[in-house]
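Undergrad:
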Amino acid sequence: MAKKNYVSNSTESSRMFENDFLESLTKVHFSIPLLIYIPVIIYFSWKSLGPGEMDIIIFIGYFLLGLFIWTLSKYILHRFVFHFKPKGKIMERIHFIFHGVHHDYPKDRLRLVMPPSASIPMAIIIYFFFRLFFDPSSLGAFFPGFIMGYLFYDMNHYAIHHANFKSGIWKKIKQHHMLHYYSEPEKGFGVSSALWDKVFGSDFKQQKKKTKPNVD
Ligand SMILES: [Zn+2]
Ligand SMILES: [Zn+2]
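Following the numbering used here, the residues of the sequence shown are numbered contiguously, the last one being 219.
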């Protein structure tokens with residue numbers, strides 16, 4: 004249950020490491036994931052379609068499947084890993100570094116998208132995990148779709164916090180995410196859409212009126 008609902012308005016969060024190098028690894032400008040992962044998407048897509056001679060329709064199918072599986076993975080990760088509240092000082096620290104900081108300081112621009120120091124090892128693990136299920140050729144189309152989902156999510160998440168949406172679908176998406184901080188952190192784990200919250204019963208019950216407007 005959410006007893007603690009502390010949310011800071013500060014644009015800078017607290018220091019995580021005494022060591023300057025480790026500290027620098029926890030901060031990242033939102034454009035960095037684009038610079039790292041767009042080449043990854045292009046590389047895998049080129050390999051499948053060029054040397055791999057994959058049929059374009061099959062490629063699109065696997066690519067979209069990757070995108071779709073990303074949305075589910077993100078939901079599971081956010082709900083069961085990022086919101087897992089462990090006991091013990093070190094585990095609490097790890098929880099803070101990965102997700103607690105974003106709940107306490109949602110306005111810190113440098114602690115919003117995932118830093119490469121975390122995302123690159125995760126991407127490698129995920130790649131080898133999916134290799135258990137896909138042959139190399141279909142993985143070459145599935146994986147860039149999955150990464151595309153991640154990039155879209157990260158940029159969309161950044162925009163949710165730092166752009167002002169006056170109306171329409173984006174405003175709805177923003178409200179859904181803001182309730183996750185300001186109202187019920189144990190609900191609303193989907194960020195780019197409420198789809199999986201509806202499927203798994205973690206959507207907000209009341210009408211989304213009470214959102215605190217002061218969030219940009
Ligand atoms: Zn959260
Ligand atoms: Zn957020």
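Virtual Cβ for every residue (Gly too), placed ideally from N, Cα, C.
Would you kindly work out how many angstroms separate the C-alpha atoms of residue 40 and residue 154, rounded to a whole number?
TA: Whole-angstrom Cα-Cα distance: 7 Å.
Undergrad: State the Cα-Cα distance for the pair residue 15 and residue 126, rounded to the nearest angstrom.
TA: Approximately 27 Å between the Cα atoms of the pair.
Undergrad: Buried or exposed: residue 194, going by 16 or more other Cβ atoms within 10 Å of its Cβ?
TA: With 16 or more Cβ atoms within 10 Å of its Cβ, residue 194 is classed as buried.
Undergrad: With 16 other CB atoms within 10 Å as the buried threshold, where does residue 66 fall?
TA: Label assigned to residue 66: buried.
Undergrad: What is the residue span of the alpha helix (DSSP H) that residue 221 lies within?
TA: Residue coverage of the chain in this structure runs from 4 to 219, which leaves residue 221 outside it and unanswerable.
Undergrad: Comparing alpha-carbon positions, which option in 29, 168, 72, 156 lies nearest residue 136?
TA: Taking only the C-alpha atoms, the option nearest residue 136 is 72.
Undergrad: Closest by CA to residue 19, which one among 181, 95, 129?
TA: Selected option, being the one with the closest Cα: 95.
Undergrad: Quick one: is residue 218 buried, meaning 16 or more other Cβ sit within 10 Å of its Cβ, or exposed?
TA: Note on residue 218: pLDDT 47, under 50, position unreliable in the model; the coordinate value appears next. Classification of residue 218: buried, given that the 10 Å Cβ count is 16 or more.
Undergrad: Just checking residue 86 against ligand 1 - is the residue's beta carbon closer than 8 Å to any of the ligand's heavy atoms?
TA: Indeed, a heavy atom of ligand 1 lies less than 8 Å from the Cβ.
Undergrad: Pick out whichever of 140, 11, 76, 24 has its Cα sitting closest to the Cα of residue 51.
TA: Cα-wise, what sits closest to residue 51 is 140.
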